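Position in the sequence shown (first residue = 1) + 3 = this note's numbering.
Glycine included, C-beta positions come from ideal geometry on N, C-alpha and C.
What you are looking at is a predicted structure, and each value in this text was computed from that prediction instead of being measured.
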Amino acid sequence: MPPSGSDPSPCVPQVLPVLAADGAASELMLLRPAGEARRLLYWLPAMGMPARHYLALAESLAARGVAVALHEWRGIGSSNRRAGRRQDWGYRELLELDLPAGLAVARQQLPQADCWLGGHSLGGQLAALHAALHPAQAAGLALVASGAPYWRCFAHAGLVRMAYVAAPWLAALCGHLPGRRIGFGGNEARGVIRDWSRSGRTGVYRAERMAVGLERAMAGVDLPLLALRMRDDWLGPAASLEWLLSKMPRTRRTLDVLSPQELAGRADHFGWMKAPAPVAARIAGWMDGQAGPAS
């Protein structure tokens, strides 16, 4: 990979250092198209998913003329923090410290490009929350296999609700949620799990130590929004997506459901990542179809 200050070749990730205000550091991977980058998609991964797992998606988008910046979650991948008894954080740090720091680095590299926000699963939720808090900073929202975690939206809802009750307890017992061990997410901070579980139990977004009303802010989001759902995604069913979208009634929505035939593989929560070209094509086409030229 080229050093952070060099001019990278097309579709070769440029690795850029990101430093949050509290000293948390990570690396941002930026992929540029061959020509002028007029659109930048700032991409937020799913819970516990390192940014590098979205390189194939970023490469496919770059081949279609869209620059992509892959955000790294605190505690995951290149981050210098690891969740534990001595290190804890929640949505507040992710929204108020990490995302602004990463976005500033990406925009510094491509100041001429319109910046769009996108994300997978929890990344889509936090992209929506960031857009709600900073409505002038995004040209639009692209959500892939995402939705609100409200327990009533899922099959076997009672078991899902029990999981939301148990997860904070397990995280407190272990000092972090041992996601790698239990097969869900990564090793997640207690605060993240408290905030995530609360939204799962109540259907309402509220973050510890954040005074702003997230639900009220989401109601004011007035952006174009693309939502791509995978047909067989039990972690992101239609009801979950609709619950999330209902919080943003002013968005101008484009919804699509991808089948196994379209993906040439599994149409579930993670299967699409193995061959993401159909997802990239829909995102790029949707961007192209929005009114007004890119600046």
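Within a Cβ cutoff of 7 Å, which residues of the same chain sit near residue i, ignoring the five residues on either side of it in sequence?
i, result
"Lys-250", "Glu-218, Met-221 and Ala-222"
"Leu-173", "Leu-180"
"Ala-86", "Gly-78, His-179, Asn-190, Glu-191 and Ala-192"
"Ala-170", "Leu-180, Ile-196 and Ser-200"
"Asp-91", "Ala-192, Arg-193 and Gly-194"
What does DSSP give as the partner residue(s) for residue i in the beta ladder?
i, result
"Gly-87", "Gln-90"
"Val-260", "Arg-232"
"Trp-119", "Leu-44"
"Glu-30", "Pro-20"
"Arg-67", "In DSSP, Arg-67 forms no bridge with anything."
"Leu-73", "Met-32 and Trp-46"
"Pro-227", "Arg-255"
Can you tell me the Cα-Cα spacing of residue i and residue j, whole angstroms?
i, j, result
"His-56", "Trp-275", "12 Å"
"Leu-162", "Leu-247", "21 Å"
"Arg-84", "Gly-182", "16 Å"
"Leu-120", "Trp-237", "24 Å"
"Trp-46", "Gln-293", "19 Å"
"Val-282", "Leu-60", "8 Å"
"Val-3", "Leu-43", "With the chain covering only 4 through 298, there is no way to say anything about residue 3."
"Val-15", "Leu-146", "24 Å"
"Val-108", "Ala-230", "26 Å"
"Val-168", "Arg-204", "8 Å"
"Asp-291", "Leu-228", "13 Å"
"Leu-3", "Ala-116", "Limits of the chain in this structure are 4 at one end and 298 at the other, which puts residue 3 out of reach."
Kindly list the residues whose CB is nearer than 6 Å to the CB of residue i, restricted to its own chain and excluding five residues on each side of it in sequence; keep chain order.
i, result
"Val-303", "Residue 303 is absent from the structure shown; the chain starts at 4 and stops at 298."
"Ala-160", "Trp-154"
"Gly-127", "Leu-146 and Ser-149"
How many whole angstroms separate the CB atoms of residue i and residue j, which I take to be in contact at a CB cut-off of 8 Å?
i, j, result
"Arg-212", "Ala-270", "So it is not a contact: roughly 38 Å between Cβ atoms."
"Ser-124", "Ser-82", "Not confirmed; about 18 Å, so no contact."
"Val-215", "Leu-144", "Not really, about 19 Å apart at Cβ, beyond 8 Å."
Among residues of its own chain, excluding the 5 on either side of residue i, which ones have a beta-carbon nearer than 8 Å to its beta-carbon?
i, result
"Phe-157", "Val-163, Trp-237, Pro-240, Ala-242 and Ser-243"
"Gly-268", "Gly-274, Trp-275, Lys-277 and Ala-278"
Segments assigned beta strand (DSSP E), at least 3 residues, entirely inside the region 137-212: 144-147
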